[in-house]
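Below is one structure, written out as structure tokens; the observations come after it.
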Amino acid sequence: MATYTITINERTKEGKSLLNYLDSLGLICQKPDKNAISEAMKKKIDKAIEDERRGQVMRFGSLDKLRKHLDTL
Numbered sequence: 139m140a141t142y143t144i145t146i147n148e149r150t151k152e153g154k155s156l157l158n159y160l161d162s163l164g165l166i167c168q169k170p171d172k173n174a175i176s177e178a179m180k181k182k183i184d185k186a187i188e189d190e191r192r193g194q195v196m197r198f199g200s201l202d203k204l205r206k207h208l209d210t211l
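When we follow my numbering, the leftmost residue of the sequence shown carries the number 139, and every step to the right adds one.
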């Protein structure tokens, strides 16, 4: 059995039809999106946004100010 990689334009009528046909035959095997964000990362982002809304985030105007603050800890 050989594996073939083809590029299909999903935006065209023909491309959509071909993909639907191949999918109905069970021949479509898509790779996971490399740029997709995991559920764990989404939760961390949501928590960070919520912390910012509550005012639990410290802001520094420059890297030097951040370093000075970290040195005091």
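A virtual CB, placed ideally from N, CA and C, is assigned to each residue, including glycine.
Can Ile146 and Gly153 be called in contact, C-beta distance under 8 Å?
Residue 146 sits at position 8 when you count from the first residue of the sequence shown. Residue 153 sits at position 15 when you count from the first residue of the sequence shown. Cβ atoms of Ile146 and Gly153: closer than 8 Å.
Cut-off 8 Å between Cβ atoms - residues of its own chain near Leu157, not counting five sequence neighbours on either side:
Residue 157 sits at position 19 when you count from the first residue of the sequence shown. Spatial neighbours of Leu157 in its own chain (CB-CB distance under 8 Å, excluding positions within 5 residues in sequence) are listed in chain order as Ile146, Glu148, Ile166.
Quick one: give me the first and last residue of the alpha helix (DSSP H) that Asn173 is part of.
Reading the sequence shown from its first residue, position 35 is the one you call residue 173. That residue, Asn173, is in no alpha helix (DSSP H); it is neither H nor E in DSSP.
In this structure, how does DSSP classify Ser200 when only helix, strand and coil are distinguished?
Position 62 of the sequence shown, counting from 1, holds the residue named residue 200. Ser200: coil per DSSP, three-state reduction.
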